[in-house]
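Asker: Residues in the sequence shown are numbered from 336 upward in steps of one, following the numbering used here.
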Amino acid sequence: MKKLIVLISVFVFLLACNPNKQPAVENNSTSVLSIESQPFGISASGDSISEFTLTNKNGMTMKVINYGGVITQLKVPGKNGSFDDVVLGFDQLKHYEKDSPYFGAIIGRYGNRIAK
336 MKKLIVLISV FVFLLACNPN KQPAVENNST SVLSIESQPF GISASGDSIS
386 EFTLTNKNGM TMKVINYGGV ITQLKVPGKN GSFDDVVLGF DQLKHYEKDS
436 PYFGAIIGRY GNRIAK
C-alpha cells in the first residue's frame with residue numbers, strides 16, 4: 336500500500352510538471368525526472384520510513400514519505416525565479432506520528448475505512 340501511494344504521488348507530480356502531459360522517467364543525462372531516496376526515520380511500530388525526492392527538468396522538487404504518502408516539501412518557482420516551499424510539514428517522523436494535523440497528507444484519516 337505504501338508503494339502504491341508513492342507511485343500515485345509520482346504520477347501526479349509528473350502530470351503537473353510535464354508540459355506534454357505524458358509522464359516519463361528516463362535514465363540518461365537528459366532525464367525528465369530524477370528520483371532519490373533517503374531514510375526519514377523509524378516509526379513507533381518499528382517500520383523504516385523513507386523520503387523520496389522527485390525533481391523535474393525545470394528544477395521543481397517534491398519530497399514525499401512512505402508514511403501515508405505525506406508530501407513534506409514542494410518547491411516551486413516564484414515570480415522572481417527563486418524556488419520556495421509551499422507546503423506545511425515537519426522535519427522529523429515523530430511529529431507526524433504524534434498529534435499530527437495531517438500536513439501534506441494525500442490520504443485522509445478515513446482512507447480505506449468508508450465503504451461506498
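Heads up, the beta-carbon is just placed ideally off N, CA and C, and yes, glycines get one too.
1) On the three-state DSSP scale, how would you describe V360?
2) By the 10 Å Cβ neighbour count, where 16 or more other Cβ atoms means buried, how is E371 classified, buried or exposed?
3) Between K410 and K429, what straight-line distance do the alpha-carbon atoms span, to the nearest angstrom?
4) Can you tell me which of V399, I384 and D382 puts its alpha carbon nearest to the alpha carbon of T390?
5) With 16 other CB atoms within 10 Å as the buried threshold, where does V421 fall?
6) Report, in whole angstroms, the separation of the C-beta atoms of Y431 and Y402, which I expect to be a contact under 8 Å.
Answerer: Short version:
1) As a working mapping, residue 360 is identified with position 25 in the sequence shown. Only weak support is given to the placement of V360: the predicted model assigns it a pLDDT of 49, under 50, and the value that follows is read from those uncertain coordinates. Here V360 sits in coil by DSSP.
2) Here residue 371 is taken as the residue at index 36 of the sequence shown, counted from 1. Exposed is the call here.
3) Numbered from 1 along the sequence shown, position 75 holds the residue referred to as residue 410. Numbered from 1 along the sequence shown, position 94 holds the residue referred to as residue 429. Using only the alpha carbons, I get a separation of about 23 Å.
4) Here residue 390 refers to the residue found at position 55 of the sequence shown. Nearest option by C-alpha distance: V399.
5) Position 86 of the sequence shown, counted from the start, is the residue given in the question as residue 421. When all chains shown are included, V421 counts as exposed.
6) What you label residue 431 is simply residue 96 of the sequence shown in a count that begins at 1. What you label residue 402 is simply residue 67 of the sequence shown in a count that begins at 1. Contact flag correct, Cβ pair sits at about 6 Å.
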